[in-house]
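A.B. asks: Oh and the sequence shown: position 138 is 260 in this note's numbering, straight run, nothing missing. Even glycine gets a Cβ: it sits at the ideal position worked out from N, Cα and C.
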Amino acid sequence: MRIRLISVASRMPRWVEQGYQEYAKRMPADLPLELVEIPLATRGKNADVARLMRREGEQMLAATQPGERIVTLEVEGRPWSTEALAGQLESWRLDARTVNLMVGGPEGLASEVAARSDQRWSLSPLTLPHPLVRILLAEQLYRAWTILNRHPYHK
Numbered sequence: 123m124r125i126r127l128i129s130v131a132s133r134m135p136r137w138v139e140q141g142y143q144e145y146a147k148r149m150p151a152d153l154p155l156e157l158v159e160i161p162l163a164t165r166g167k168n169a170d171v172a173r174l175m176r177r178e179g180e181q182m183l184a185a186t187q188p189g190e191r192i193v194t195l196e197v198e199g200r201p202w203s204t205e206a207l208a209g210q211l212e213s214w215r216l217d218a219r220t221v222n223l224m225v226g227g228p229e230g231l232a233s234e235v236a237a238r239s240d241q242r243w244s245l246s247p248l249t250l251p252h253p254l255v256r257i258l259l260a261e262q263l264y265r266a267w268t269i270l271n272r273h274p275y276h277k
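1. Return the first residue and the last residue of the beta strand (DSSP E) that Arg191 is part of.
2. What is the rounded straight-line gap between the Cα of Trp267 and the Cα of Met175?
3. What do you reckon, are the CB atoms on Pro253 and Pro135 nearer than 8 Å?
4. Distance check for Ala237 and Glu144, CA to CA, integer angstroms please.
5. In chain order, which alpha helix (DSSP H) runs of at least 4 residues are fully inside the region 204-249?
6. Tell me the rounded alpha-carbon separation between Asp217 and Glu196.
7. If we ignore side chains and look at the alpha-carbon of each, how far apart do Arg242 and Thr164 end up?
8. Measuring CA to CA, which of Glu261, Pro251 and Tyr264 is closest to Ala131?
9. What is the rounded straight-line gap between the Cα of Ala185 and the Cα of Tyr275?
10. Which of the three DSSP states, helix, strand or coil, is assigned to Ala146?
11. Smallest Cα separation from Leu245: which of Ser239, Ser233, Leu258 and Glu178?
12. Can you tell me whether DSSP reads Arg256 as helix, strand or coil?
13. In three-state terms, what does DSSP make of Pro161?
14. Going by DSSP, name the residue or residues bridged to Ile125.
15. Name the one or two DSSP bridge partners that Ala131 has.
16. Note down the Cα distance separating Glu261 from Gly166, rounded to an integer number of angstroms.
Right under this line is the structure:
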């Protein structure tokens, strides 16, 4: 099983890449965390945002394979505590399918991506910036893994 973070975003600052990599590299070999970046289309003054979102959504879905689990990150999704995330992680491991965590662009996810979602997860009712979401997701997945493996990190 593997976890893929599929995210629509522009190039991240170095500190974000370092923060994400710090936690991604801590994940065990049998549960790798991979990053798939979908380039954020330029939003000019007269941009057709709906069309750009559809195209980004198509690229996100193209990065998945049939039968893989799709978990969308949405404000309206279900909030999970860290312990609940650990339970989800264990459930995903038992299911043995690749898990794709989908993070949309500034306007959110394309409706086509949301429609394909197996689960909807909310990190917070707050609007979080993409750089922090990337690091937060990697850290929380690592923390959930440590809970399942009785590693002292989570305390």
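C.D. replies: So, to answer that:
1. Unbroken beta strand (DSSP E) run through Arg191: Arg191 to Pro201.
2. Taking the Cα positions, Trp267 is about 33 Å away from Met175.
3. Yes, they are a contact pair.
4. Computed Cα separation, rounded: 32 Å.
5. Uninterrupted alpha helix (DSSP H) stretches at least 4 residues long and entirely within the region 204-249 occur at 204-217 and 233-237, given in chain order.
6. The straight-line gap separating the alpha-carbon atoms of Asp217 and Glu196 is approximately 23 Å.
7. The alpha-carbon atoms of Arg242 and Thr164 are separated by roughly 27 Å.
8. That would be Pro251, whose Cα lies nearest to the Cα of Ala131.
9. Between Ala185 and Tyr275, the C-alpha separation is close to 32 Å.
10. In this structure, Ala146 counts as helix in the three-state DSSP scheme.
11. It is Leu258 whose Cα lies nearest to the Cα of Leu245.
12. Looking at Arg256 - three-state DSSP - the assignment turns out to be helix.
13. In the three-state reduction of the DSSP assignment, Pro161 falls in the strand class.
14. In the DSSP assignment, Ile125 is bridged to Leu155 and Val221.
15. BP columns for Ala131 point to Pro161.
16. Those two C-alpha atoms are separated by around 34 Å.
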